[in-house]
Every structure is written in C-alpha cells, then in structure tokens.
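In what follows, a single structure is set out as structure tokens and then discussed.
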Amino acid sequence: MQGLYHNMFERADVRIHYVTAGTPPSDGEDGRTILLLHGWPQTWWEWRLIMEPLRSEGWFVVAPDYRGAGGSSKPESGYDKQTMASDVRALLHHLGVNNPITLVGHDLGMLVAYAFASLYPNDVERLVLMEAPIPGTEAYESVLATTRFSEAKLWHFHFHGAPENVAETLIAGSEFPYLHSFYVKLSANPDAISMSDVERYVAAYTAPGAMRAGLELFRAFEKDADDNRHILSDKGKLKMPVLGLGGTASFFLPVAEEMLSEVAESVTVRPIKDSGHWIAEEQPETLLKRLREFIQATA
Numbered sequence: 248m249q250g251l252y253h254n255m256f257e258r259a260d261v262r263i264h265y266v267t268a269g270t271p272p273s274d275g276e277d278g279r280t281i282l283l284l285h286g287w288p289q290t291w292w293e294w295r296l297i298m299e300p301l302r303s304e305g306w307f308v309v310a311p312d313y314r315g316a317g318g319s320s321k322p323e324s325g326y327d328k329q330t331m332a333s334d335v336r337a338l339l340h341h342l343g344v345n346n347p348i349t350l351v352g353h354d355l356g357m358l359v360a361y362a363f364a365s366l367y368p369n370d371v372e373r374l375v376l377m378e379a380p381i382p383g384t385e386a387y388e389s390v391l392a393t394t395r396f397s398e399a400k401l402w403h404f405h406f407h408g409a410p411e412n413v414a415e416t417l418i419a420g421s422e423f424p425y426l427h428s429f430y431v432k433l434s435a436n437p438d439a440i441s442m443s444d445v446e447r448y449v450a451a452y453t454a455p456g457a458m459r460a461g462l463e464l465f466r467a468f469e470k471d472a473d474d475n476r477h478i479l480s481d482k483g484k485l486k487m488p489v490l491g492l493g494g495t496a497s498f499f500l501p502v503a504e505e506m507l508s509e510v511a512e513s514v515t516v517r518p519i520k521d522s523g524h525w526i527a528e529e530q531p532e533t534l535l536k537r538l539r540e541f542i543q544a545t546a
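Using our numbering, read the sequence shown as starting at 248 and increasing by one per residue.
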C-alpha cells in the first residue's frame, strides 16, 4: 500500500517485521508516535485502513507483526506477553523513539500492550485496549469460569491452550475454514474482512511454524496471569489514561469497565456501534474518531 514502508528488526532470538507510516522523530524532536499491536489470527494488515489517516494527522505510525506472526520469525519460545513487550520496546529504541507513545492493542495484542504499559509505564502517554480479557484479573476468571464463557465465544481459549500440540494437529488441513469461521462468527459485518483479506491471513498462519507460534500465545496465558498479578502487586495500577473500546456485538463491553478498573486508575470505556470483534476493519472511521477524542482529552 502506498505510503507504508516494510522493514525488519533483529534482536536476540527473533526477527520482527514492521510497517511504518510517516517520519520517525529526529533526535531532540517531540514527534508523536502511535504503535498498533494486532491480534490473532491477524497481522499488521489489521491496521491498514487507519494508518494513512493517522499519518496525515502528523503521527509516526508503527505496526509490527509481533513475535510468531506474519513476516516475523517463529522462535520456539518467548510467547509470554512480557517477553513480547520487550520485543516492542527494543523495536522502538531501534527506531529512535524516545518520547512516550500512544499504544493501541487489539485482541492478543491488547495483552502485549498491557504488559508493555505495566513494565514500562514511563514510555506510554496513553493506552488503548480493545477486545480481550486480561489473564490474572478477576474479570478474566469470571468470563472463563461461568456461563458468561459460552456467551463470550471464548471456547477456543481452552482448545488453543491444550498441551502437546493437540490444537494444531486437529486444525492441520482445515486452516482456511477454521480461521475463516472466526472472522465471520465474531463479526457484526462479515463482509468487513473480505475473502482476499482472509486469504492473506490464512497464508500468514499456514507458513512454516506459524500456527504453532500463534497458539503458543494462548499456552502462555497461565504465565501471563502470574506475571500480571505480580506486577500489579509490585507496581500498583497503571497511572496513564486508559481507553477501553469494544464492539456492541462483541463480548468485551460488558466486562471492560470492571476488568480495566482492576488494573488502571483512569479508565474510560466507549462502544463501537455496529461492530463485532474486528473493530479496525468493521468500523475504521469510528475507531479513528474514538482515538482522536481520547488523544484530545488526554493531551
């Protein structure tokens, strides 16, 4: 896509593919940076509809494929969200971003974004969290342990978290219909993710090692829960402004206020009307509007 630039960054055991729009801040400049973290089963492509509008408003936009996804490498380990957050911080330093950023995370990328804000609070000016339960919170346990579990459509959390490669063994050979079912069933507008988009995502998750790597993010939830409880106990709640966004046809809004208030002091929750889980693709203009409102209110 025009105006978007692809690059690779190497650190330790992983190569991170990332896409940028706009110009990174020069030394001494106070440039504005917004970093977008995609979910599962998606890649940086999730953000394609909002990157250019943000760039045109003066933002340096960074959208990486996190560890194990898309064009990034698929190492054997490191899928706990604190390790993945350290990947993101190393990428920002590589890009010369030294000022606090606006950080946006969706789905499993939301869990990485929360880990980043918890570990490096001085690096985050404001935080936007969309469409995932945070392991280690009471709300997370409630969603997964009660009748709200089936209503939330999170059955795959247990399936993907099964040990000994059970999930990828059963998915193998049926990747297209399996992944396609998520884009359809979790959407208020199934046409928002076109068949060509589905083909792009499926190609990414059928690359060698990609399905295993994607499922490792779910298998790390128990460690994530422990890490989240410990850092909350040690550091207390997040101090930066936090915006929770959820589609009105999704599971997130009913639990968002309670859950985010467990981990952050300043929380605002806003709905995205006529959207399911895939907010950036179902309602990109409304998402941009909500981001602009939040940025203006917290400037």
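Cβ coordinates follow ideal geometry from the N, Cα and C atoms, glycine included. Every value quoted in this text rests on a predicted model; they were computed, and no experiment measured them.
Does the beta-carbon distance from residue i to residue j come in below 7 Å?
i, j, result
"Val351", "Arg314", "no"
"Arg447", "Trp292", "yes"
"Thr267", "Ile348", "no"
"Ser522", "Ala435", "yes"
"Tyr265", "Leu464", "no"
"Val413", "His427", "no"
"Ala527", "Thr290", "no"
"Glu415", "Leu462", "yes"
"Met377", "Leu492", "yes"
"Asp354", "Ala316", "no"
"Asp312", "Gly318", "yes"
"Thr495", "Lys536", "no"
"Leu358", "Lys321", "no"
"Ile381", "Tyr361", "yes"
"Leu479", "Thr515", "no"
"Val234", "Val510", "Because residue 234 is not part of the residues shown, which for the chain are 248 to 546, the question remains open."
"Gly269", "Val308", "yes"
"Thr545", "Pro455", "no"
"Lys482", "Glu512", "no"
"Val449", "Glu469", "no"
"Gly343", "Pro437", "no"
"His524", "Leu433", "yes"
"Pro518", "Leu534", "no"
"Phe256", "His341", "yes"
Would you mind reading off the limits of the alpha helix (DSSP H) that contains residue i?
i, result
"Pro300", "Arg295 to Ser303"
"Phe404", "His403 to His407"
Consult DSSP for residue i and reduce its assignment to one of helix, strand or coil.
i, result
"Glu398", "Below a pLDDT of 50, predicted positions are generally treated as unreliable, and Glu398, at 48, falls in that range; the measurement from the model is reported next regardless. Looking at Glu398 - three-state DSSP - the assignment turns out to be helix."
"Ala457", "helix"
"Pro518", "strand"
"Glu378", "coil"
"Glu411", "coil"
"Tyr252", "strand"
"Glu540", "helix"
Let's see if you can read the secondary structure: which residues bound the beta strand (DSSP E) around residue i?
i, result
"Thr280", "Arg279 to Leu284"
"Thr234", "Lying outside 248 to 546, the shown extent of the chain, residue 234 is not represented and no answer is given."
Kindly confirm or deny that the region 380-389 and the region 489-508 touch, where touching means at least three C-beta pairs closer than 8 Å.
yes
Go through the region 425-453 residue by residue and report every complete run of the alpha helix (DSSP H) that reaches 4 residues or more, in order.
442-452
Whether or not the region 296-303 and the region 334-346 are in contact is what I'm after, with contact meaning three or more pairs of Cβ atoms, one per stretch, closer than 8 Å; do they touch?
no
Quick one: complete beta strand (DSSP E) runs, 3+ long, within the region 299-364?
306-311 and 348-353
Scan the region 476-536 and note each continuous alpha helix (DSSP H) run of 4 residues or more that stays entirely inside, going in chain order.
500-510 and 526-529
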